[in-house]
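Counting from 224, one number per residue, gives the positions in the sequence shown under the numbering used here. All C-beta atoms in this analysis are idealised placements derived from N, C-alpha and C, irrespective of residue type, glycine included.
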Amino acid sequence: MAANQAQSRGDFETEMDHRVEVAHIQAELNAPEVSLVREPEV
224 MAANQAQSRG DFETEMDHRV EVAHIQAELN APEVSLVREP EV
């Protein structure tokens, strides 16, 4: 039983990481100038 709980907890963390990554991608698509500002000037 404990192993099943650990597995589902791992799946949950993976899902949250994926959502955060998608949110970052959407934010950059919505505001491309922001990602340009983060790059160091040459």
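Could you compute how far the alpha carbon of residue i sits from the alpha carbon of residue j?
i	j	result
F235	R242	11 Å
E251	Q230	32 Å
E238	Q249	16 Å
A254	G233	32 Å
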